[in-house]
Every structure is written in structure tokens, then in C-alpha cells.
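In what follows, a single structure is set out as C-alpha cells and then discussed.
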Amino acid sequence: MEKMKAIVFRGPNDFSLEEVEKPKCNDEEILVKVEACGLCGSDIRTFGSGHNKVTPPFIIGHEGVGIVEESKSKYFKAGERVMINPGITCKKCFYCKKDIESQCENMIVVGTTIPGIYAQYISLPKEAANPTFVHKLPDDIDLDMMPVAEALASVYSTQDNVGVGDGDTVLIIGAGPLGNLHSAMAKARGAKKVIISEMHQNRLDMAKKFDTTDVFVNPSTEDLTKVIMEHTDGRGVDVAITACPVGEVQAEVTHLVRSRGKVLLFGGLPKDNCMVTFDSNLLHYKEIEVIGGFSYSSDCFKAALDYIVKGKVDAKKFVTHKLPLKDVKKGIELVKTGEAIKVILKPWM
Ligand SMILES: [Zn+2]
Ligand SMILES: [Zn+2]
């Protein structure tokens, strides 16, 4: 039996690097040697408190890029560099037929329903091992930045839903990894002005390193409403995006968008604190749309990947730390303290 190294999740706060059986490459499957995997906030939540669809012991991780080691799929050859879309949709359920793939009723999720990327190898089943979900990358591209594409896919897809586009003024609440990606994507889609609000000064200072945001606001020392109105002739922004887990903020931003403006609720709230009170008349009379969003379709994943491959979003800047797989706990600390934007784990480092 051939072995490989992987982070095995055995229960909340119980996970470490172990030797496990190397997966096999069966008919119509591909075996990918993992070059880099992104440490995602959702994985950090699973490591800390588990996940209702993850049964330990299990290998999680879903933001992966690598090189095809072995292929029994007609679509791939050994040696090809590939980015994996972890959300494998069925294309035939009620939602898939309506082109709402993010809500697929039969979704296979790499790192949740099938073993994930925090490992030296991953084998992808035939449902995944095709050009809809596994994307070939150019030979000269830096693989270490590619895991950013997965988060960017959610960002692209949800901005598409609210129609962020040419000439818009966009407010983003929260300068964590996703807030910063929202800023980069808004600019890449043609937004005229991006305003970011973040109450942790260290995060706000870090956001200044990315050149996609125009206005930085710390609402604990500045009046956010005043700043917004100054920049929008007193009307409010075209689109406001919440990328932080605070309910009051979701209600607050409805006051900061213009008439017929859009509010995108991107950041989820804690399960035990997710009730929010809105001024319903404000939404009514200003005809404001409030839209939720967190995920993407296979087309949106491909589109977001193209933004990186074509250099329209500079993903490399977001990768602040590269660590060997065994240092996963250190990576989690770096994310939790806000020191890191994107941590990449390297299974062969
Ligand atoms: Zn992710
Ligand atoms: Zn489906």
C-alpha cells in the first residue's frame, strides 16, 4: 500500500499531519499531485467546530491546484497543471436546470462530501474529472496563487448577481481576505470608486497594500455615513457589500445605498446571532434590493479563474504566507489574528 501525507480531521480541534493511504486512480478518474491548497475561513470553522456534512476521520480542504500524476480520463494527460473547482454540480436537478447551480441538490463537494485537498494527492471521481470542473492552466503560471480563484469565484458570482459594473461606487464592509477580493473584483469589473470600511486598524492598514481601494474608513474613529455621503453627492453608493459577520452592519448599510441601490449580504452571521432588524420602509420607498450570496456556478468559477490567468486580478498580492502542510495550525493563527490575507499550504514543502 502506497502512502501519502495528509491533514486528518478527527473532530473539533483534533487534527494533524498523518500518513494515510495514497488514493488510487480508477477508471475515468484522475490522480492529482497537490502543489498548493488555500486555507479557507470555512475550513478553519470546520477544524474548530466540525461540519454537519463532514464525518471524521476525514481530509478536508477545497482550494486546490496541482499536476495530473495519473489519468484514466480521456480529457487529461499526466503532467498537465490543473485547478480544481470543488463544487461538482449534477447539471440535472431542479436548480441546475434553472441555471442556479450554486444550489444544486446533488452537489459533490471536494473536502466535504469527498476527501479534500490538504494532502499530497487527491483523486477526482469521473463526475469531476472533466473540463467543466478541472481547468488546465498555462505552463508559465505561478501555481501558488491559484487557490485564490476559489474565493474569487464566490466574489465574482455574487457581484454578477447584483450587477457591479462600469462607473459604480461600491462600499465594502470588512477588509478581510474576502473584502479585499471584493475590492479587486469590483475594480476589475469597472467600478469607479471603491470604499472599504474596517474597524480593525491593522486590517485597514494591510488593505492599503492592495491598490484597488480608493477610500479607507475606520468607523470607530470616523463617521462612515458622512464619508459615504461626501463621496456620492449625498445619495449613497450604488452597491454595498457586507463581508463581515456582524448583523447590525447589514441593517446599517441599507441607509448607505442610493435609491434602487443594491445590498449584497456576502458574509454569513454566527448561527446563534443571525436575526437582523431592517427599516422596511426605507427598502420600500427607496426601492432597495437586498440580496444574499456566497457561492458560484461552474461558469462563474471559470470566469473568475480567467480574471487571474489574464492578470485582471493580481492574485499573487493576496498570498501573504506559504507554509508546509504540517504547519496548518500556525496558518490558522495567522488568519485569526488578521496577520495573513491568504495562507497557502504546500504539501511537498
Ligand atoms: Zn474557500
Ligand atoms: Zn444539480
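So the sequence shown is numbered by this note's numbering: it starts at 197 and just counts up by one. Ideal Cβ placement from N, Cα and C applies to all residues, glycine included.
Checklist entry - Within this structure, are the beta carbons of G234 and L541 separated by less than 9 Å? => result yes
Next on the checklist: What would DSSP say about S319, mapped onto helix, strand or coil?
Outcome noted: strand
Item to check | V204 - partner residues in DSSP beta bridges | outcome: S212
Next on the checklist: Between K199 and H331, how many whole angstroms is the CB-CB distance? I'm expecting something under 8 Å.
Outcome noted: Their Cβ separation, rounded to whole angstroms, is 29 Å, which puts K199 and H331 out of contact at 8 Å.
Checklist entry - Roughly how many angstroms lie between the CA atoms of T450 and T409, to the nearest whole one? => result CA-CA distance, T450 to T409, rounds to 21 Å.
Item to check | Per DSSP, the bridge partner or partners of A436 | outcome: L367, V459
Checklist entry - Grouping DSSP H, G and I as helix and E and B as strand, with all else coil, what is R454? => result strand
Item to check | Rounded straight-line distance, which links the Cα of M381 to that of M279 | outcome: Each residue's Cα considered, the two are about 19 Å apart.
Checklist entry - Comparing the CB of A347 with every heavy atom of ligand 1, is any distance shorter than 8 Å? => result yes
Checklist entry - Does ligand 2 have a heavy atom nearer than 8 Å to the CB of C286? => result yes
Checklist entry - So, helix, strand or coil for K508, using DSSP? => result coil
Checklist entry - Which two residues bound the contiguous alpha helix (DSSP H) that contains S393? => result Not the alpha helix (DSSP H): S393 falls in the beta strand (DSSP E), residues 389-393.
Next on the checklist: Taking 8 Å as the cut-off, is the beta-carbon of C300 closer than that to any non-hydrogen atom of ligand 2?
Outcome noted: yes
Checklist entry - Would the C-beta of C289 count as close to ligand 2, meaning under 8 Å from any of its heavy atoms? => result yes
Item to check | Sheet register partners of K229 (DSSP bridge) | outcome: I263, Y317
Next on the checklist: Quick check: is any heavy atom of ligand 4 less than 8 Å from the C-beta of E485?
Outcome noted: Ligand 4 is not part of the structure shown, which contains ligand 1 and ligand 2 as its ligands.
Item to check | Closest residue to A371 among K383, H396, L348, D356 (Cα-Cα distance) | outcome: H396
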